[in-house]
Amino acid sequence: GCNPLAETGRSKLQNQRAVLNQQILRAVRMRAGAENLLRATTNNKVREQVLLELSFVNSDLQILKEELEGLNISVEVYQNTEETFSIPLVPLGLKETKEVDFTLPFKDFILEHYSEDSSEYEDEIADLMDLRQACRTPSRDEAGIEMLISYFLQLGYVENRFFPPTRYMGILFTWYDSFTGVPVCQQNLLLEKASILFNIGALYTQIGTRCNRQFQAGLENAVDAFQRAAGVLSYLKETFTHTPSYDMSPAMLNVLVKMMLAQARECVFEQIGLPGIRNEFFTLVKMTQEVAKVGEVYMLVNTAMNQEPVKENVPYSWSKLAQIKSDHYKALAHYFTATILCDHELQSGDDEDQQEKALSQLYDYMPEGLMVLTVLKDKVQRKQLGKAHLRKAIFYHEEALRVCGLCKKLRNIDVLQEVLTAAHKRSLLKYAQQETEDDFLSLIQAPDILPKTEHKIEAIAPQFSKVKVKDFFHRLGPLTVFSAKQRWTAPRTIRIHHEAGDLGFSLKGGSPVQIYCLDPVCSAASMGLKEGDYIVSVGGVDCKWLGVNEVLEKFKIVGEQPIEMEVISCQDTTASMHSKSATYSVGMQKTYSLICLAMEEDKIDQTKKTPLKLPFLSWGTKNRQKAASTLCLPSAVAGSSQIKKKLSPFTLLNSESSLY
1 GCNPLAETGR SKLQNQRAVL NQQILRAVRM RAGAENLLRA TTNNKVREQV LLELSFVNSD
61 LQILKEELEG LNISVEVYQN TEETFSIPLV PLGLKETKEV DFTLPFKDFI LEHYSEDSSE
121 YEDEIADLMD LRQACRTPSR DEAGIEMLIS YFLQLGYVEN RFFPPTRYMG ILFTWYDSFT
181 GVPVCQQNLL LEKASILFNI GALYTQIGTR CNRQFQAGLE NAVDAFQRAA GVLSYLKETF
241 THTPSYDMSP AMLNVLVKMM LAQARECVFE QIGLPGIRNE FFTLVKMTQE VAKVGEVYML
301 VNTAMNQEPV KENVPYSWSK LAQIKSDHYK ALAHYFTATI LCDHELQSGD DEDQQEKALS
361 QLYDYMPEGL MVLTVLKDKV QRKQLGKAHL RKAIFYHEEA LRVCGLCKKL RNIDVLQEVL
421 TAAHKRSLLK YAQQETEDDF LSLIQAPDIL PKTEHKIEAI APQFSKVKVK DFFHRLGPLT
481 VFSAKQRWTA PRTIRIHHEA GDLGFSLKGG SPVQIYCLDP VCSAASMGLK EGDYIVSVGG
541 VDCKWLGVNE VLEKFKIVGE QPIEMEVISC QDTTASMHSK SATYSVGMQK TYSLICLAME
601 EDKIDQTKKT PLKLPFLSWG TKNRQKAAST LCLPSAVAGS SQIKKKLSPF TLLNSESSLY
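Going by full-length UniProt numbering, the first residue of the sequence shown is number 1, and it counts up by one from there.
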């Protein structure tokens with residue numbers, strides 16, 4: 001990653017964001033304490049004092065939120081360093097996190113679960129922690145993207161290696177909301193994976209805003225970056241549907257995806273107009289529809305930003321910038337249409353049918369009393385309709401300037417003011433160039449322009465397979481066998497004596513190999529070797545990744561000499577795991593989610609009229625006399641195996657057979 005102490009504009013913003021996050025956390029804790037005290041006390045004097053304190057805390061929170069919004073709209077820091085004359089694009093800031101120490105939990109788990117010397121894996125744990133630390137300050141280029149994706153893929157290995165579905169590891173992940181600054185703390189690795197995905201999308205937006213939009217290659221890279229950002233955020237929305245952070249909620253991600261695709265659309269329009277817009281009839285028709293499409297998508301973005309529940313958390317300046325861009329590009333569409341009508345009179349050599357067809361595509365309807373062909377032929381009607389479009393363009397330009405002047409954050413962005421002012425002056429000049437006539441006699445209202453585009457813009461799904469990563473904990477063995485979900489016995493040493501060249505068993509499978517067709521009277525069986533055991537080492541050499549032929553080679557090398565091998569036996573884990581994985585219910589306690597499962601099974605019982613399938617909590621009651629289970633608590637009640645009365649999920653919690 002980048003040097004976190006580097007004094008770049010982007011690092012300064014991230015450092016300010018980290019400081020604000022801590023201040024917001026302190027204020028949120030103070031507010032929570034004051035609210036608890038307010039609920040607990042009955043003393044009127046204390047209540048008055050607490051209410052006064054709450055008003056101060058809420059004011060502080062509002063000020064901090066405005067400061068955070070100021071960081072989110074500091075778009076000039078992320079733009080290209082070359083002097084440009086383009087409306088700024090909006091990037092996403094990276095989510096901040098706290099440091100996490102994997103050392104003790106992972107070393108304990110390696111010793112307990114994998115029965116290996118955990119000190120031998122200190123380097124791998126350190127590599128993982130270094131990679132996570134580097135991901136907090138990724139470089140703003142493809143190398144930074146690749147590093148974040150590498151850590152995301154590495155988390156998939158880590159989840160399978162160290163996070164069993166039946167219990168937590170005691171590792172607390174803390175990530176701060178990108179918009180509100182409020183921290184979210186969970187022991188669930190899914191929060192870590194979702195936050196890294198968000199930062200991948202955010203980094204793509206920063207790469208897109210950094211591209212030099214004065215050149216064709218820069219605009220192509222910007223379009224690609226914003227499409228990829230939309231793809232990552234869309235993948236995040238579809239994959240992690242219950243994230244507890246506002247900035248990763250489905251509604252907010254939906255808005256962000258729309259905003260990134262709108263910015264990609266804006267860059268496509270700039271790309272078309274980069275060589276220059278020829279003042280030619282059909283070229284202007286095409287540009288009119290393209291720019292109208294940009295205005296339409298920004299209008300949809302602004303509408304989405306002002307909907308509940310995202311309205312309260314989307315930065316106010318973002319919403320206003322989307323409104324400004326919508327008005328600005330609508331104004332350009334009307335300006336181009338006016339140019340078509342005022343500058344291109346129908347000549348004798350022009351294709352009348354083609355011009356009529358092209359112009360009719362701009363409108364959903366024509367003003368009353370006007371027809372497209374008549375407008376093309378009649379000079380007065382062309383002028384009147386052209387001036388009506390210019391008036392509409394001037395109206396939208398003035399509205400964009402007005403909204404920009406009302407927003408303090410946007411008012412301070414000089415290049416935005418310059419672009420809006422220049423476009424407004426150009427429309428005014430065009431209007432002044434027309435012949436003077438009494439506009440009060442003209443009641444024509446310019447119709448809206450129909451948007452149309454020949455360029456398809458859509459989200460590009462993330463291609464994680466292009467980044468090749470190696471499992472840091474590869475030495476633990478193949479993941480299909482040596483994972484947190486599987487349980488085994490501790491390694492047992494079996495001393496093998498060759499009996500007339502016969503081992504007394506066969507081998508099967510890939511890596512690691514399994515014992516197959518074990519002779520029950522051979523010496524290996526007498527020493528505790530079992531059918532289905534996995535061989536993990538032969539003669540002190542690790543064999544977890546060796547196939548059948550390679551393991552047999554190890555035996556052949558020894559010849560007639562006795563050889564020691566270590567084996568493990570897989571333990572059955574189905575008895576201790578519920579098929580519905582109740583512990584994965586997001587936002588609910590384990591006991592509550594189990595109750596919900598019991599309710600669901602009761603509903604199935606009522607609708608299907610099938611024999612009662614008891615919920616997980618009563619499993620021990622039904623099967624106490626049928627099988628000995630570690631899940632059953634001892635009971636002194638006689639005849640408890642026959643349940644005649646249907647139990648509710650809540651009575652189960654009070655019965656002596658319940659687990660909690």
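In this text, a Cβ means the ideal position worked out from N, Cα and C, and glycines have one as well.
Who are the Cβ neighbours of residue i in its own chain at under 6 Å, not counting the five residues just before and after it?
i: Cys267; result: Leu219, Ala222, Val223
i: Val301; result: Lys258, Met259, Ala262, Ala322
i: Asp471; result: Tyr157
i: Arg228; result: Tyr204, Ile460
Could you name the residues of the same chain whose beta carbon sits closer than 8 Å to that of residue i, not counting the 5 residues immediately before and after it, in chain order?
i: Met129; result: Val100, Asp101, Phe102, Thr103
i: Pro491; result: Ser115, Val536, Ser537, Glu566, Val567, Ile568
i: Arg47; result: Leu38, Thr41
Residues bridged to residue i by DSSP?
i: Cys185; result: Thr174
i: Glu35; result: Partner(s): none; Glu35 has no beta bridge.
i: Ile535; result: Val567
i: Ile496; result: Ile563
i: Arg487; result: Gln571
What number of angstroms, rounded off, separates the C-alpha of residue i from the C-alpha of residue j?
i: Gln16; j: Val28; result: 18 Å
i: Gln381; j: Gly231; result: 47 Å
i: Ser465; j: Thr174; result: 28 Å
i: Ser506; j: Ile515; result: 6 Å
i: Gln23; j: Glu96; result: 13 Å
i: Phe555; j: Val541; result: 11 Å
i: Tyr176; j: Val184; result: 6 Å
i: Thr205; j: Gly93; result: 9 Å
i: Ser319; j: Gln49; result: 37 Å
i: Ser245; j: Gln307; result: 18 Å
i: Gly405; j: Ala333; result: 23 Å
i: Thr607; j: Pro250; result: Because the pLDDT of Thr607 is 44, which lies under 50, any placement of that residue in the model is unreliable, and the number read from its coordinates should be weighed accordingly. In a straight line, the C-alpha of Thr607 is about 33 Å away from that of Pro250.
i: Asn62; j: Val310; result: For clarity, residue 62 is Gln in the given sequence; the question names Asn instead. One C-alpha to the other measures close to 17 Å.
i: Ala432; j: Arg426; result: 10 Å
i: Leu190; j: Ala202; result: 18 Å
i: Lys430; j: Leu390; result: 8 Å
i: residue 671; j: Asn21; result: Look at the range of the chain in this structure, 1 to 660, and you will see that residue 671 is not part of it.
i: Arg31; j: Val182; result: 13 Å
i: Cys407; j: Ala423; result: 20 Å
i: Asp327; j: Ala400; result: 6 Å
i: Leu416; j: Leu89; result: 10 Å
i: residue 692; j: Ile444; result: Missing from the structure shown is residue 692; the chain here goes from 1 to 660 and no further.
I need the DSSP call for residue i, collapsed to helix, strand or coil.
i: Asp542; result: strand
i: Thr209; result: helix
i: Ser506; result: strand
i: Met252; result: helix
i: Arg382; result: helix
i: Gln514; result: strand
i: Thr166; result: coil
i: Ile449; result: strand
i: Thr97; result: strand
i: Tyr363; result: strand
i: Arg402; result: helix
i: Arg228; result: helix
i: Arg426; result: helix
i: Arg411; result: helix
i: Arg132; result: helix
i: Arg278; result: coil
i: Leu416; result: helix
i: Leu25; result: helix
i: Phe152; result: helix
i: Cys342; result: helix
i: Ala194; result: helix
i: Val285; result: helix
i: Ser264; result: The question names Ser, but residue 264 is Ala in the sequence shown. DSSP places Ala264 in helix when its eight states are reduced to three.
i: Leu20; result: helix
i: Arg391; result: helix
i: Pro105; result: helix
i: Arg475; result: helix
Looking only at its chain, what residues have a beta carbon closer than 7 Å to the beta carbon of residue i, apart from the 5 residues adjacent to it on each side?
i: Val467; result: Glu146, Ile149, Ser150, Leu153
i: Ile171; result: Val100, Phe102, Pro105, Gln187
i: Val551; result: Leu507, Val513, Ile535, Val538, Cys543
i: Asp141; result: Ile207
Any chance the CB of residue i is under 7 Å from a heavy atom of the ligand HEM?
i: Leu155; result: This structure lacks the ligand HEM; in fact it carries no ligand of any kind.
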